[in-house]
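Numbering (the numbering used here), first residue to last: 2 to 359. Heads up, the beta-carbon is just placed ideally off N, CA and C, and yes, glycines get one too.
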């Protein structure tokens with residue numbers, strides 16, 4: 002643990018070795034509160050197909066998943082006669098290997114996803130740190146060059162058989178800590194699309210609170226906040242214009258509400274609400290690229306607040322339209338959310354298949 006912490010942060014609030022952040026507020030009482038919201042037993046999958054988005058350049062460095070069969074006894078292990086390995090066996094088997102960019106589709110961000118430079122020692126030198134003062138190069142390690150990064154580096158996988166082929170390790174700020182704790186509790190949905198429509202709208206803290214008042218939505222400490230904007234629905238519409246249009250036609254990237262990550266009122270609400278995690282059906286929860294970005298400030302200020310300062314996990318590209326319609330028809334906003342990431346050590350994010358039960 003460092004000696005100093007950023008203003009308004011929660012570093013050290015749960016001890017010097019904390020890896021959970023605001024998930025510390027999600028205990029048995031909060032899980033029971035989520036279970037108490039189950040009334041009609043309807044179940045909603047809140048994940049996009051993990052090969053979506055298609056044809057939309059949201060993050061060019063994140064690519065669609067690759068699925069290929071494994072090899073068994075020198076044979077392609079897909080609809081493979083098991084007799085090639087076990088003489089006389091009548092089974093037919095298939096196994097896969099997957100190359101997966103963990104934050105291509107429906108995802109959780111780990112605290113290791115966003116760091117910042119901060120003078121934690123008071124020596125006048127800002128260091129690259131992550132949540133709770135974890136240090137780049139010591140607690141959080143990665144390769145020195147691109148030869149050991151990106152899809153092209155997969156042509157060389159030294160150490161694959163013994164599990165030493167990985168070249169980065171987010172350690173105490175990786176996603177496995179969220180998985181080990183369990184991401185289950187009371188979800189609360191705010192339907193931004195119902196108030197602002199399907200077009201782009203930058204939503205301030207006051208806007209968010211106004212929508213919550215209008216819909217009688219209350220968020221309590223330890224709740225999971227979900228924001229419905231309609232963006233993911235546009236991603237699933239193959240007929241929707243995507244990118245590269247120059248005739249003024251709105252593209253998918255222009256759809257849906259986004260939070261104003263620069264807004265002090267929004268920052269204050271996130272700090273004061275005690276929300277455990279925030280997920281949205283859009284690309285980055287907040288506006289990105291930011292509007293009117295000033296040099297010397299974060300491009301993702303809400304990410305910095307949540308992941309770096311407060312320990313609030315962020316979820317992106319969730320599928321929320323069906324759940325939002327059901328809740329609005331029922332006059333409800335709360336439900337049981339079950340949304341553990343993969344228990345994948347080292348990783349700074351993870352695909353997730355969240356489930357809402359109403």
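Quiz item: Exposed or buried, residue 62, counting other C-beta atoms within 10 Å across all chains shown (16 or more means buried)?
Solution: exposed
Quiz prompt | Pairwise C-alpha distance: residue 104 and residue 177 | solution = 15 Å
Quiz prompt | Span of the alpha helix (DSSP H), counted from its first residue to its last, around residue 214 | solution = 206 to 215
Quiz prompt | Complete runs of the alpha helix (DSSP H) confined to the stretch 16 to 64 [at least 4 residues] | solution = 29 to 36
Quiz prompt | Closest by C-alpha distance to residue 207, when choosing among 224, 179, 182 and 267 | solution = 267
Quiz item: Looking only at DSSP bridge pairs, what is residue 287 linked to?
Solution: 260
Quiz item: Closest to residue 67 by CA distance: which of 102, 74 and 298 is it?
Solution: 102
Practice problem: Look at residue 341 and residue 319 and say whether their C-beta atoms are less than 8 Å apart. | Solution: no
Self-check item: residue 112 vs residue 308 beta-carbon contact at 8 Å
Solution: yes
Quiz item: Residues in its own chain within less than 6 Å of residue 349 by CB, not counting five upstream and five downstream?
Solution: 111, 113, 114 and 171
Practice problem: Between the Cα of residue 169 and those of 182, 147 and 76, spot the shortest distance and give me the residue it belongs to. | Solution: 147
Quiz item: In the stretch 75 to 137, which residue ranges form an unbroken beta strand (DSSP E) of at least 3 residues, counting only runs that do not cross its ends?
Solution: 76 to 78, 97 to 100, 108 to 110, 117 to 119 and 128 to 131
Quiz item: Going by the CB atoms, is the gap between residue 192 and residue 300 shorter than 8 Å?
Solution: no
Quiz item: Exposed or buried, which one is residue 279 when buried takes at least 16 other CB atoms within 10 Å?
Solution: buried
Exercise. Say whether the stretch 325 to 338 touches the stretch 188 to 205, bearing in mind that this needs 3 or more beta-carbon pairs closer than 8 Å, one atom from each stretch.
Key: yes
Quiz prompt | Sufficient close CB pairs (3 or more, under 8 Å) joining the stretch 249 to 265 to the stretch 287 to 303 | solution = yes
Quiz item: Hey, would you say residue 321 sits closer than 8 Å to residue 233, going by beta carbons?
Solution: yes
Quiz item: Is the stretch 214 to 233 in contact with the stretch 10 to 30, if contact means three or more CB pairs nearer than 8 Å?
Solution: yes
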